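Chemist: Here it is, the structure, as structure tokens.
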DNA sequence: ATATTTGTTATATATATTATATAACAAATA
DNA sequence: TATTTGTTATATAATATATATAACAAATAT
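Chains as they are written, first to last, in my numbering: chain A, 9 to 135; chain B, 9 to 135.
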């Protein structure tokens with residue numbers, strides 16, 4: 009687990025950790041069934057408090073990216089997208105797109121940006 | 009100005025107001041040169057504190073959507089996108105796209121979603 | 001000229017969020 | 001039996017969000 013935290017960022021640490029782990033899955037570094045480190049260990053590794061990791065893990069659970077139990081710890085298990093996810097995705101996306109549109113960025117330019125990010129995950133396929 | 013605030017939302021009120029005003033520009037209801045209501049008036053209209061409006065206006069100014077001065081108040085004046093905007097846009101977009109990708113949403117499905125939102129602003133053109 | 005309206009600034013208070021620090025618990029593991 | 005695990009409970013501190021008053025200086029209206 010290589011997670012770099014930017015303490016100057018306005019993005020909360022537990023959100024940065026959540027993002028980094030989802031990135032790890034997207035890049036294929038973390039696969040279904042893989043275990044994440046115990047919260048105390050990861051906390052020491054990246055130099056933050058145990059509860060901050062715990063918060064990140066529970067957020068990942070709520071978002072449907074991992075399961076947590078005492079037997080196996082935190083295990084990558086991705087719930088596919090559903091209606092609720094699509095709704096929250098739209099709500100997140102809308103103000104971002106609106107800002108870009110108002111600033112003169114046309115549809116094609118925005119789509120190019122999206123394609124560029126998607127290409128980072130290359131030919132990777134989700135099972 | 010028709011701004012509806014969702015007090016149960018986890019999105020701060022001043023951000024909701026900022027988003028609503030940018031939406032207004034995108035929909036063509038607010039045009040370059042138009043003045044926004046005085047902060048006290050808008051505050052009373054939507055039932056929030058003066059400082060909350062002030063914060064929203066100053067955020068809009070920092071983001072390059074309005075200018076503020078005592079003579080003309082808050083006036084719509086959109087700064088076109090630049091490198092800094094593109095960078096922050098990418099940073100905002102990346103974790104959202106990554107989540108969608110990991111959940112099995114492919115590039116084309118995501119782009120369709122983007123196109124749907126762009127279509128809300130119809131044939132409108134930004135000068 | 002005078003009063004009002006404007007954005008701005010200054011305090012103060014209250015609540016929620018974020019992050020850390022310790023401690024303890026129950027279940028699983030070594 | 002001791003250790004490790006996620007979990008829960010308190011406590012503290014800093015920051016963010018929102019409200020409430022008050023006052024200021026500049027512009028506007030009467």
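The C-beta atom is built at its ideal place from N, Cα and C for all residues, glycine as well. Being a predicted model, the structure only gives us computed values, none of them experimental.
1) So which of B/22, B/46 and B/29 has the shortest CA-CA distance to residue 107 of chain A?
2) Should the segment 32 to 46 of chain B be called in touch with the segment 113 to 120 of chain A, which here means at least 3 C-beta pairs below 8 Å?
3) What is the DSSP secondary structure of residue 11 of chain B, reduced to helix, strand or coil?
4) Please return the same chain residues whose Cβ sits closer than 8 Å to the Cβ of residue 73 of chain A, not counting the five positions on each side in sequence.
5) Thinking residue 13 of chain B and residue 61 of chain B are a contact (beta carbons under 8 Å), I'd like their distance in whole angstroms, please.
6) Between residue 109 of chain A and residue 89 of chain B, is the Cβ-Cβ spacing less than 7 Å?
7) What does residue 27 of chain A reach in chain B if we use C-beta pairs closer than 9 Å?
8) Taking the Cβ atom as the reference point for each residue, do residue 100 of chain B and residue 104 of chain A lie within a distance shorter than 7 Å?
9) Would residue 209 of chain B and residue 58 of chain B be called neighbours here (beta carbons separated by less than 7 Å)?
10) Could you compute how far the alpha carbon of residue 53 of chain A sits from the alpha carbon of residue 36 of chain B?
11) When Cβ atoms are compared, which residues of the segment 57 to 84 of chain B fall closer than 9 Å to chain A?
12) Ignoring anything shorter than 4 residues or poking outside the segment 92 to 119 of chain A, list the alpha helix (DSSP H) runs there in chain order.
13) Rounded to whole angstroms, what is the Cα-Cα separation between residue 135 of chain A and residue 38 of chain A?
14) Between residue 116 of chain B and chain A, is there a C-beta pair that is closer than 7 Å?
15) Could you confirm whether any beta carbon from chain B is found closer than 7 Å to the beta carbon of residue 37 of chain A?
16) Out of B/15, B/120 and B/27, point me to the one whose CA is closest to residue 66 of chain B's CA.
17) At what residues does the beta strand (DSSP E) containing residue 16 of chain B begin and finish?
18) On the criterion of 16 or more Cβ atoms from any shown chain inside 10 Å, does residue 22 of chain B qualify as buried, or is it exposed?
Modeler: Let me spell this out:
1) On the first chain, position 99 is the one that residue 107 of chain A refers to. It is B/29.
2) no
3) Counting from 1 along the second chain, the entry for residue 11 of chain B is found at position 3. Residue 11 of chain B falls in the coil class under three-state DSSP.
4) Locating residue 73 of chain A in the first chain gives position 65, counting from the first residue. Exclusion of the five residues before and after residue 73 of chain A leaves 29, 30, 33, 84, 85, 86 and 87 as the residues of its chain whose Cβ lies within less than 8 Å of its Cβ.
5) Start at 1 with the first residue of the second chain, and residue 13 of chain B comes out as number 5. Start at 1 with the first residue of the second chain, and residue 61 of chain B comes out as number 53. Actually they are not in contact, since the Cβ atoms of residue 13 of chain B and residue 61 of chain B sit about 11 Å apart, beyond 8 Å.
6) Taking the first residue of the first chain as position 1, residue 109 of chain A is located at position 101. Taking the first residue of the second chain as position 1, residue 89 of chain B is located at position 81. No, these two residues do not count as a Cβ contact at 7 Å.
7) The residue given as residue 27 of chain A occupies position 19 in the first chain. In chain order: 102, 103, 106 and 107.
8) Reading the second chain from its first residue, position 92 is the one you call residue 100 of chain B. Reading the first chain from its first residue, position 96 is the one you call residue 104 of chain A. Yes; because the gap between Cβ atoms is below 7 Å, this pair is in contact.
9) Past the boundaries of the shown model lies residue 209 of chain B; chain B is included only from 9 to 135, so the question cannot be answered.
10) Locating residue 53 of chain A in the first chain gives position 45, counting from the first residue. Locating residue 36 of chain B in the second chain gives position 28, counting from the first residue. Rounded to whole angstroms, residue 53 of chain A to residue 36 of chain B spans 51 Å at the Cα level.
11) 71, 72 and 73
12) If we require 4 residues or more, the segment 92 to 119 of chain A turns out to have no alpha helix (DSSP H) run fully inside it.
13) Position 127 of the first chain, counting from 1, holds the residue named residue 135 of chain A. Position 30 of the first chain, counting from 1, holds the residue named residue 38 of chain A. Because residue 135 of chain A carries a pLDDT of 46, less than 50, the predicted location of this residue cannot be relied on, and the following value inherits that uncertainty. Taking the straight line from one Cα to the other gives about 14 Å.
14) The count along the second chain starts at 1 and reaches residue 116 of chain B at position 108. Chain A, which has no Cβ nearer than 7 Å to the Cβ of residue 116 of chain B, makes this no.
15) Residue mapping note: residue 37 of chain A aligns to position 29 of the first chain, counting from 1. It does not: the Cβ of residue 37 of chain A has no partner Cβ on chain B nearer than 7 Å.
16) Working through the second chain from its first residue, we reach residue 66 of chain B at position 58. Taking only the C-alpha atoms, the option nearest residue 66 of chain B is B/27.
17) Within the second chain, the letter at position 8 stands for residue 16 of chain B. Looking at the DSSP string, residue 16 of chain B is not in any beta strand (DSSP E), and its letter there is neither H nor E.
18) What you label residue 22 of chain B is simply residue 14 of the second chain in a count that begins at 1. Counting Cβ neighbours within 10 Å, residue 22 of chain B comes out buried, since at least 16 surround it.
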